[in-house]
Amino acid sequence: MDYAGRQVDLGMLAGGLVNEADAPHGLYIPDVPRPSTDLVKAPLTSRRLFCPQWPQAISTEAEILQRDSGYQRIHVTGGTTGVTAEALRTWRPFTPGFINRAEDQAYAMAALKEDSYLSHLHADGLIMRHDKQAFAGRSIAHASTGKAIGDIERLLLFSPMREIHGRGLHVRDHLWPSHLAFASDAGTLARLIFALDGAARGGSFVAEGAPRLMQCPIFAIRGWNASCHENRLAGHLWQPSLAARNRGTHRVDKACLTFAGNFSEGAYSGRW
6 MDYAGRQVDL
16 GMLAGGLVNE
26 ADAPHGLYIP
36 DVPRPSTDLV
46 KAPLTSRRLF
56 CPQWPQAIST
66 EAEILQRDSG
76 YQRIHVTGGT
86 TGVTAEALRT
96 WRPFTPGFIN
106 RAEDQAYAMA
116 ALKEDSYLSH
126 LHADGLIMRH
136 DKQAFAGRSI
146 AHASTGKAIG
156 DIERLLLFSP
166 MREIHGRGLH
176 VRDHLWPSHL
186 AFASDAGTLA
196 RLIFALDGAA
206 RGGSFVAEGA
216 PRLMQCPIFA
226 IRGWNASCHE
236 NRLAGHLWQP
246 SLAARNRGTH
256 RVDKACLTFA
266 GNFSEGAYSG
276 RW
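6 is the number of the first residue of the sequence shown in our numbering; add one for each residue after it.
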């Protein structure tokens, strides 16, 4: 049960990650550092106004780097997540195919009810090394404009949830205190972010961003409607198959536990 009295099914698992450059120095190093004070002196952009790096850094330190077990996770990082077969049967969560960032949040939103929801159990010591800077650092730097526009698109892609989901904007209550609750009344916010960053960056940011953001709201509504229909149909198709495998679940569980026990006695030093 959470702070608001809602029933919580901790049927998903969430671990952490460490940047490849930090891994030699330890596993519990935040991949998102606290911003420097230079941000206060920087030109007026959305990053200076909203400073999203602060809550993300604090949440990373408090949640992802938690060294104890038995905690519910709100902030989830990609790559170290999982879900039980029982949770799949019960909740039928899905991520729409057109969501290519924050997929874990879309997945969780598909399993929210008014008085209950599916959430993550913290897996202390389950840590993935993040190698993207090692092999794609130059490409990431060159794609900074597209990523910045994509950050705004993400607000617009998630916002139709308030119309489609039965909980409306109250879906954010289930994700509190996550700093990454993208479902919002995003029209005004997206315009403000684009205006601030467009004035500061100009050039390709405005030329590329304006047409993409103008088309995004219609694309998002169509995408959510189509995805909900497709996944309801898919759920009916794969649910009998999953249920048919239930007879062998105890054998799989036993094999997994044996593997985990052998693994933990070897090189792995964390706790499951």
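Cβ atoms here follow ideal geometry from the backbone N, Cα and C, with glycine treated the same way.
Here the structure is a predicted model, which is why all the values come from computation and not from measurement.
- For L123, the enclosing beta strand (DSSP E) covers residues 121-135.
- Counting along the chain, the unbroken alpha helix (DSSP H) around M114 starts and ends at 108-114.
- Buried is the label assigned to M17, since at least 16 other Cβ atoms lie within 10 Å of its Cβ.
- Here L44 is exposed. Its C-beta has fewer than 16 other C-beta atoms within 10 Å.
- N24 carries a strand assignment under DSSP once its states are collapsed to helix, strand and coil.
- Separation of the CB atoms of H127 and S64 is rounded to 13 Å, and the pair is thereby denied contact status at 8 Å.
- In the structure shown, R78 falls within a strand segment according to DSSP collapsed to helix, strand and coil.
- G208 and R217 have their alpha carbons spaced roughly 15 Å apart.
- Between P48 and the set D202, F210, Q77, the nearest pair of CA atoms involves D202.
- In this chain, the beta strand (DSSP E) harbouring T86 covers 86-88.
- Looking only at F210, P222, A62, the smallest Cα-Cα distance to P40 is reached by A62.
- Look at M219 here: in three-state DSSP terms it is helix.
- Rounded to whole angstroms, the separation of the alpha carbons of Q220 and I79 is 31 Å.
- Around the C-beta of T193, fewer than 16 other C-beta atoms lie within 10 Å, and the residue is accordingly described as exposed.
- A straight line joining the alpha-carbon of G84 with that of F224 spans about 27 Å.
- If you compare the alpha carbons of D178, V176, G214, A153 with that of S51, the shortest gap goes to A153.
- DSSP lists L123 as the beta-bridge partner residues of D14.
- In its chain, beyond the 5 residues on either side, A111, L162 have a beta carbon closer than 7 Å to the beta carbon of I104.
- Nearest to S124 by alpha-carbon distance, out of A195, N24, A113, is A113.
- If you draw a 10 Å sphere on the C-beta of D109, you find 16 or more other C-beta atoms in it, and that means buried.
- Listed in chain order, the non-local C-beta contacts of V23 below 7 Å within the same chain comprise L32, I34, D36, I132, R134, H135, local neighbours out to five positions each way being set aside.
- Annotation: F199 to P222 spans about 15 Å, alpha carbon to alpha carbon.
- By the beta-carbon neighbour count (other beta carbons within 10 angstroms, threshold 16), Y8 is exposed.
- Looking at W229, A231, V176, T150, the one whose alpha-carbon comes closest to that of V211 is T150.
- The alpha-carbon of R11 is positioned some 14 Å away from that of R177.
- The continuous alpha helix (DSSP H) containing F163 extends over residues 149-163.
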